[in-house]
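S.K.:
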Amino acid sequence: MDYREDFKKFVWLNSSGYLEFFAPTVTSTACKIRIHDFPFDTQNCSIVIMAQTFSPRDYSIKAMIMAGTASIVGRLGNGEWGIQNVSARTVEKKDAGGYLVEVNYIDVVLKRNPAFYVTVVITPSFIINVLCIFGLFLQSDRMTKLGMALTNIMSLTFILGILAAVLPKSDEIPKIGNLRSGALMTVHKIRRLRNEY
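Heads up: the sequence shown begins at 1 in UniProt numbering, then just goes up one per residue.
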């Protein structure tokens, strides 16, 4: 956590003794990413906040989205991610000892911008495979076909290197990985069929 110390701290006090305090912080969290639909995926990241030293009667955090901020959510994000939605809720639960605890959930829905992956991985792979398939059906000698097949394999290996560097590590294989495997198998099968006939 990064507490912004240079921020002027004010406490709002009303006539009933209710105090409000705003402390701007920068928080980091790790979310499990499901990459099955990569690079056209949407992720839901939940941030859980709970006061550990005070009961809700003594100290309360209420998670809420301020009025007027919902309109700017669509403009937030960076080059790779865009924020689709932010929601907040507060839940009061009893812990194992029977004490009341207050848990705040802030759910952020992120959508990946697939432009980089489409222009650097998907489109070149498609063009290379189409050219290779057409090249296998042209009338030419074996050395020309071998050279074209080796060029195709080297090009796809280069693209796979880019993909391996940017692909999030996970226990599931994304659709784009299946696409690459399917493209390599298709080129191999067509080449074998072409050599047989």
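Even for Gly, the Cβ is constructed at its ideal location relative to N, Cα and C.
Under 8 Å by Cβ, that's how I've got Asn129 and Val187 pegged, so tell me the actual separation to the nearest angstrom.
M.R.: The sequence position of residue 129 within the sequence shown is 129, counting from 1. The sequence position of residue 187 within the sequence shown is 187, counting from 1. Confirmed, Cβ separation roughly 6 Å.
S.K.: CB-CB under 6 Å to Tyr117, same chain, minus the five flanking residues each way: which ones, in chain order?
M.R.: Taking the sequence shown and counting its residues from 1, one reaches residue 117 at position 117. Pro39, listed in sequence order.
S.K.: Using 8 Å as the Cβ pair cut-off and three pairs as the minimum, do the region 26 to 46 and the region 96 to 110 touch?
M.R.: yes
S.K.: For Val73, which of Trp81, Asn85 and Gly79 has the nearest alpha-carbon?
M.R.: As a working mapping, residue 73 is identified with position 73 in the sequence shown. Checking every option, the nearest Cα to that of Val73 belongs to Asn85.
S.K.: Quick one: what does DSSP say Glu80 is sitting in, helix, strand or coil?
M.R.: Within the sequence shown, the letter at position 80 stands for residue 80. Coil, per DSSP.
S.K.: Considering only the beta carbon of each residue, do Tyr105 and Val26 sit closer than 7 Å?
M.R.: By 1-based counting over the sequence shown, the position of residue 105 is 105. By 1-based counting over the sequence shown, the position of residue 26 is 26. Cβ atoms of Tyr105 and Val26: not closer than 7 Å.
S.K.: With a Cβ-Cβ cutoff of 7 Å, do Met50 and Val103 count as a contact?
M.R.: Taking the first residue of the sequence shown as 1, we reach residue 50 at position 50. Taking the first residue of the sequence shown as 1, we reach residue 103 at position 103. Cβ distance < 7 Å, so Met50 and Val103 count as in contact.
S.K.: Taking the beta carbon of Ser125 as the centre, do at least 16 other beta carbons fall within 10 Å, making it buried, or is it exposed?
M.R.: Here residue 125 refers to the residue found at position 125 when the sequence shown is read from its first residue. The residue in question, Ser125, is buried, as its Cβ has 16 or more Cβ neighbours within 10 Å.
S.K.: Rounded to the nearest angstrom, how far is the Cβ of Lys62 from that of Thr90, given a contact under 8 Å?
M.R.: In the sequence shown, counting from the first residue as 1, residue 62 sits at position 62. In the sequence shown, counting from the first residue as 1, residue 90 sits at position 90. Going by Cβ atoms, the distance from Lys62 to Thr90 rounds to 5 Å, so yes, they are a contact pair.
S.K.: Report back the beta-carbon spacing between Ile159 and Val121 to the nearest angstrom; my notes put them in contact at under 8 Å.
M.R.: As a working mapping, residue 159 is identified with position 159 in the sequence shown. As a working mapping, residue 121 is identified with position 121 in the sequence shown. Contact flag correct, Cβ pair sits at about 6 Å.
S.K.: Measuring only the C-alpha atoms, how far is Ser60 from Cys31?
M.R.: As a position in the sequence shown, residue 60 is number 60, starting the count at 1. As a position in the sequence shown, residue 31 is number 31, starting the count at 1. Using only the alpha carbons, I get a separation of about 25 Å.
S.K.: Just to confirm, is the Cβ distance from Leu136 to Ile190 under 7 Å?
M.R.: Along the sequence shown, one-based indexing puts residue 136 at 136. Along the sequence shown, one-based indexing puts residue 190 at 190. Against a cut-off of 7 Å, the Cβ pair of Ile190 and Leu136 comes out as a contact.
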